[in-house]
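Under the numbering used here, the sequence shown is numbered contiguously, ending at residue 603.
Glycine included, every Cβ here is placed at the ideal spot set by N, Cα and C.
So the structure is just underneath, and the comments pick up after that.
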Amino acid sequence: MKFRFGFAWIMLLCAASLEGTVVPVGTILDVRLTTEASSDKPSGEAVSGVLIAPIILNGALVLPAGLRVTGMTSDASPAQAATDTTPEKPATLKIQFTRIIDAKGHEQALASVVESVDNARETVDSGGLITGITPSKTYGARLDQGIGKLANQHQALAGLLSSVKSAVVKQVDPAIDYTPGVELKLKLTDALNWSAPVAIESVPPVTPAGALAALVSAAPMRTVAQDPPSPSDITNLMFLGTAEQLQTAFQRAGWFAAAARNRSSEFETARAMIESRGYSEAPVSFLYLNGKPPDMTYEKQNNTFDKRHHIRIWLQPDQFEGRPVWMGAATHDISITFSQQKKGFTHGIDSQIDRERSKVADDLLFTGLVRAYTLAYRPGVPKDLSNATGDKLITDGKVAVIEF
Numbered sequence: 200m201k202f203r204f205g206f207a208w209i210m211l212l213c214a215a216s217l218e219g220t221v222v223p224v225g226t227i228l229d230v231r232l233t234t235e236a237s238s239d240k241p242s243g244e245a246v247s248g249v250l251i252a253p254i255i256l257n258g259a260l261v262l263p264a265g266l267r268v269t270g271m272t273s274d275a276s277p278a279q280a281a282t283d284t285t286p287e288k289p290a291t292l293k294i295q296f297t298r299i300i301d302a303k304g305h306e307q308a309l310a311s312v313v314e315s316v317d318n319a320r321e322t323v324d325s326g327g328l329i330t331g332i333t334p335s336k337t338y339g340a341r342l343d344q345g346i347g348k349l350a351n352q353h354q355a356l357a358g359l360l361s362s363v364k365s366a367v368v369k370q371v372d373p374a375i376d377y378t379p380g381v382e383l384k385l386k387l388t389d390a391l392n393w394s395a396p397v398a399i400e401s402v403p404p405v406t407p408a409g410a411l412a413a414l415v416s417a418a419p420m421r422t423v424a425q426d427p428p429s430p431s432d433i434t435n436l437m438f439l440g441t442a443e444q445l446q447t448a449f450q451r452a453g454w455f456a457a458a459a460r461n462r463s464s465e466f467e468t469a470r471a472m473i474e475s476r477g478y479s480e481a482p483v484s485f486l487y488l489n490g491k492p493p494d495m496t497y498e499k500q501n502n503t504f505d506k507r508h509h510i511r512i513w514l515q516p517d518q519f520e521g522r523p524v525w526m527g528a529a530t531h532d533i534s535i536t537f538s539q540q541k542k543g544f545t546h547g548i549d550s551q552i553d554r555e556r557s558k559v560a561d562d563l564l565f566t567g568l569v570r571a572y573t574l575a576y577r578p579g580v581p582k583d584l585s586n587a588t589g590d591k592l593i594t595d596g597k598v599a600v601i602e603f
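See the structure below:
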């Protein structure tokens, strides 16, 4: 079987050694579940996943994307509500991957622990134990507490609000339920000697290089937020292709188009927050590039509104070798807070924004729809700055150029 890799990867690769290469303890593997895993099912349920980004060590490809990992669950325990004699208990779950397999059936033992679950509301300890949320500490519980306090003075109004809440908002489900597509980071707890050879089909760089360098240098690099106008996120991806090609690639990579901002989507956002769940098409605030809002916005969530990968994309007036040009600004939301200034909730982002650039590129490369890829130098980009909400932005200033 052949695996396709981007030029950023190929620049570092050499053919996989038949004698084997040791992947050291502590190496992180990015894995996407291909089966479900749940705290409400007994321990011992089979689980499987796929490696979605290659592992490169000292200039050599040691683990290609596309390898399968298998294992089983353990320590599965459903959440328990509080009683008169016992406190509430969150759900727990371990996902233990113990085998790694290639397409030809080469299989080896794998010693690993789940280090984190991408965009999850749950926490993970150093031993890989996933602990679920405590319903009494959610937004829904706070709303109930507020209604309860109101009942002391306005019982009828509190009763009405409680009835309305029950009619439109579901109770928080504290179970740990991961569906296929949820992504994990595994950390090796023992060295892995992977000796199977792999055929590499490289994704070439975008050409002609000189014309690309000129295009990148002239591309807009800073978005602007409104109310009041202020500089915000850095553009860090460029796409070459049609709107249909972009849409197909993001959909195949498991990303969702964000809903338009309106009363319906904002109401659904509020429901998602109160119910402590995800909202795959949640609206994204507008940022402007060259005075225009995004033409496309994509995101990838899990089971909480608080965290998400997302990218805003703008069609540019330029063309490259007859192909439409798009600029994207990608950041990773990792928290949510209430903004007194904006009188609403706002996300905080991972300041290391190059990681989100890599996440988008890796996901799109894994689809097999990328024809060419270059991580291009871009002069004049500030390396350390802040966005419109005050989040720190740290970057090497490069832009990932993806041609479909």
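In the structure shown, I251 adopts coil according to DSSP, grouped into three states. Here A560 has A599 as same chain residues with Cβ atoms under 6 Å from its own Cβ, once five neighbours each way along the sequence are excluded.
Distance from F438 to G527 at the Cβ level is roughly 6 Å; contact confirmed, criterion being Cβ atoms closer than 8 Å. Boundaries for A259: no alpha helix (DSSP H) harbours it, while the beta strand (DSSP E) harbouring it runs A259 to L262, taken from the DSSP string. In chain order, E480, A481, P482, V483, T496, Y497, E498 and H509 place their CB closer than 8 Å to the CB of A457, counting only its own chain and leaving out the 5 sequence neighbours on each side.
Proximity to Q515 across A275, G490 and G270 peaks at G490, based on C-alpha coordinates.
Counting along the chain, the unbroken beta strand (DSSP E) around R267 starts and ends at R267 to S276.
Here the alpha carbon of T573 sits roughly 39 Å from the alpha carbon of S237. In the DSSP annotation of this structure, the continuous segment of the alpha helix (DSSP H) that includes Q446 starts and ends at A442 to R451.
Inclusion of G327 and K293 in the CB contact set at 8 Å is warranted, their separation being smaller than that value.
DSSP, reduced to helix, strand and coil, places Y572 within a strand of the structure shown.
In the DSSP annotation of this structure, the continuous segment of the alpha helix (DSSP H) that includes E467 starts and ends at R462 to E474.
Nearest neighbour of I433 by Cα position, chosen from V423, Y377 and M271, turns out to be V423. Measuring C-alpha to C-alpha distances from A529 to each of M420, R460 and Q450 identifies M420 as the nearest. Distance check between P373 and each of P578, S401 and A280 places A280 closest, using alpha-carbon atoms only.
Membership of F296 in the beta strand (DSSP E) is indicated by the continuous run T291 to I300. Contact check for R231 and I251: beta-carbon distance about 5 Å, within the 8 Å limit, so the pair qualifies. In this model, P263 and P253 are separated by some 4 Å (Cα to Cα).
According to DSSP, T545 shares a beta bridge with T536.
K386 carries a strand assignment under DSSP once its states are collapsed to helix, strand and coil.
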